[in-house]
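Counted from 1, the sequence shown has number 38 at position 39 by numbering that gives the first Met the number 0; the numbering is strictly sequential. What follows is a set of notes on a single structure, which appears directly below.
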Amino acid sequence: MSIQIAPSILAADFANLQSEVELLNQSQADYIHVDIMDGVFVPNISFGIPVTEAIYRHAKKPLDVHLMIINPDLYLEAFRNAGASVISVHLEACAHLHRSLQTIRSLGAKTGVTLNPHTSVSGLEDSIEDIDIVCLMSVNPGFGGQKFIENTYSKITRLKELILSKNAKTLIEVDGGVNLENAPRIKEAGADILVAGSFVFNSVDPIKTIADLKVI
Ligand code: DX5
Ligand code: ZN
0 MSIQIAPSIL AADFANLQSE VELLNQSQAD YIHVDIMDGV FVPNISFGIP VTEAIYRHAK
60 KPLDVHLMII NPDLYLEAFR NAGASVISVH LEACAHLHRS LQTIRSLGAK TGVTLNPHTS
120 VSGLEDSIED IDIVCLMSVN PGFGGQKFIE NTYSKITRLK ELILSKNAKT LIEVDGGVNL
180 ENAPRIKEAG ADILVAGSFV FNSVDPIKTI ADLKVI
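Listed below in structure tokens is the structure:
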């Protein structure tokens, strides 16, 4: 299966959100990655529910909502109602991950769990079968445009081994610092979905950049 691409709208021009979403609609993107930052879990604030709704109104691609927020349980339903197809919570923000995943599933969304760079994949041993997508942060979350952390390659491999050992169908997503140089190695290590923000939106031709990432 060819790799899936989830361009991060965080790197788009927020003053022209509609046309940026329309650009992604025309591209080979598989998802629109939506980064929600609360200024507490991460040292930055992005945008919230009304902006997610506005993106959804124009989107022809499913929204992959990455919640970088504390107490995500309080907002799962609101983000589902705002159009999220995938809702990804941070393991580090969930005291009761099993319950959070059950809630996401009961809302009819795909379940996602994101791990910070320092968090071991072994923390997912007892929940991997309940997770549709594990997102590995390959930068410290909070900002676009950072450098890819090299340790991610071996982490992808370890996560893949865990998934296979449990016979799970979980997909692996990699988020942060992805570009055409490192994408082939990320794919080779076992990733299924690539998030790319600045590399796509800062390029001269984002539609072509997405197409190039798709055929690595
Ligand atoms: C970082 C976000 C990422 C980010 C990716 O906190 O979760 O999704 O937007 O941006 P780039 O591709 O620029 O690293
Ligand atoms: Zn993200």
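Even for Gly, the Cβ is constructed at its ideal location relative to N, Cα and C.
Which residues share a DSSP beta bridge with Glu172? Cys134, Ile192
Excluding the five sequence neighbours on either side, which residues of its own chain have a C-beta within less than 8 Å of the C-beta of Leu158, listed in chain order? Val120, Leu123, Val133, Leu135, Ile171, Gly189
Cβ of Val194 versus every heavy atom of the ligand ZN: is any distance shorter than 7 Å? yes
Tell whether a beta-carbon distance below 8 Å holds between Leu163 and Ile127. no
Where the beta carbon is closer than 5 Å to any heavy atom of the ligand ZN, which residues qualify, in chain order? Asp34, His65, Asp174
Roughly how many angstroms lie between the CA atoms of Ile69 and Cys93, to the nearest whole one? 8 Å
If you draw a straight line from the C-alpha of Asn166 to the C-alpha of Val112, how long is it? 18 Å
I want to check one thing, is the minimum distance from the CB of Pro71 to the heavy atoms of the ligand DX5 below 7 Å? no
Answer yes or no: do Ile130 and Leu179 have a C-beta to C-beta separation smaller than 8 Å? no
By the 10 Å Cβ neighbour count, where 16 or more other Cβ atoms means buried, how is Gln3 classified, buried or exposed? buried
Measure the C-alpha to C-alpha separation of His95 and Phe142 and round it to an integer number of angstroms. 26 Å
Buried or exposed by the 16-neighbour rule on C-beta atoms within 10 Å, applied to Val214: exposed
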